[in-house]
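Q: Numbering (my numbering), first residue to last: 4 to 268.
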Amino acid sequence: MMCATPLCRATSASSTTSRYRRRRNPMTKTWTEDHPAFQVAASRRILAREGCESRVAGHVSVRDAERSDAFWVSPFGYFSETLPSDVNCYDMELNLLDGDTPASPAVRFHAGFYEARPDANSVIHTHSHYVEVLSTTGKDVGLYSADACLFYQEQAHYADDGIGTPVDGPLMAEALGQRSVVLIGNHGACFVCPSLEEATIKAIAYETSARAHFEAQIVGGHEMVEAEAARAKKAYHKHFIPMMWEANYRRLRRTDADLFETLAD
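1. Just how far apart, CA to CA, sit Glu96 and Phe116?
2. Considering only the beta carbon of each residue, do Cys152 and Ala44 sit closer than 7 angstroms?
3. Buried or exposed, going by whether 16 or more other CB atoms sit within 10 Å of the CB of Pro87?
4. Judging by CA-CA distance, which residue of Asp67, Ala60 and Ser71 is the nearest neighbour of Glu84?
5. Is it right to say Gln42 is buried, meaning 16 or more other beta carbons lie within 10 angstroms of its own, or is it exposed?
6. Between which residues of its own chain and Ala235 is the CB-CB distance below 7 angstroms, once the five residues before and five after are set aside?
7. Is the Cβ-Cβ distance between Tyr147 and Ala213 less than 7 angstroms?
8. What do you get for Ala123, buried or exposed, if any count of 16 or more other CB atoms within 10 angstroms of its CB means buried?
9. What does a CB cutoff of less than 8 angstroms around Glu229 pick up in its chain, not counting 5 residues either side in sequence?
10. If we count the other Cβ atoms within 10 Å of its Cβ and call it buried at 16 or more, is Arg257 buried or exposed?
11. Nearest-angstrom Cα distance between Thr265 and Cys193?
12. Taking only three categories from DSSP, how would you classify Phe112?
13. Tell me which residue opens and which closes the beta strand (DSSP E) that Asp94 is part of.
14. What residue range does the alpha helix (DSSP H) around Phe263 cover?
15. Using alpha carbons as the reference points, say which of Val110, Leu174 and Lys142 lies closest to Thr129.
16. Is Cys55 helix, strand or coil when you go by DSSP?
17. Determine, using beta carbons only, whether Ser46 and Thr203 come nearer to each other than 7 angstroms.
18. Put Gly172 into one of helix, strand or coil per three-state DSSP.
19. Just curious, the alpha helix (DSSP H) that Ile221 is in, first and last residue?
Structural data, given as structure tokens:
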């Protein structure tokens, strides 16, 4: 199973070369499944399948497992088309360490989260439909659905002022604190988590929770009590997140041949 893969456990290393850079065959351009570039591509395809594609915008990143001051991140493009060769590695100053594409300033806020949160090993930024709508309200997603229990006491808010740097990483990290979701006003959301698996499933669950939020309000629904949300949150972290990642990964293996054709034999 791919859950709890070591790629999401960052460790420091004195060498400037990550072992992952030796896991792509330079002659054939093939990859291994535990390579962070492959995992980022897999995450983006899972997000697209589950309704979290952000047109050509949005990013998925993971901290390098051997260099805590570096991260692998996807470029602009449709989530459903991402291949490992599209994913690049940068340091916190956005210097290119591995890959073919210089960094876009749009991924700078990933570095801000990683620098502020040593516990964070994955950052996902999406503009999925219901999350975008929710971001216009300045409110948390309500506890209307089981999925929403994942976000009990986990949500923060940030809004650009139109003057400073858009989606400012350090300011968003300050607003986020130790929580896992920051809703960006009239924009989307960022998910900052210990693993790529958790960030991916939380991004999916936040979209379904936002949809349930609006539909429940239309019919006069009521939120679950906080004690139940706190109990369910623990169970969801223990069971739902790993099961959802594994199920989506199995389905990806069956359907996305072009992704798995990049693997070494």
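C-beta atoms are modelled at their ideal positions from N, C-alpha and C, and glycine is treated no differently.
These figures come from a predicted structure and were not determined experimentally.
A: In terms of the structure at hand:
1. 13 angstroms
2. no
3. buried
4. Ala60
5. buried
6. Ala149 and Cys152
7. no
8. buried
9. Leu146 and Tyr155
10. exposed
11. 29 angstroms
12. helix
13. Asn91 to Asp94
14. Ala260 to Phe263
15. Val110
16. coil
17. yes
18. helix
19. Leu199 to Ile221
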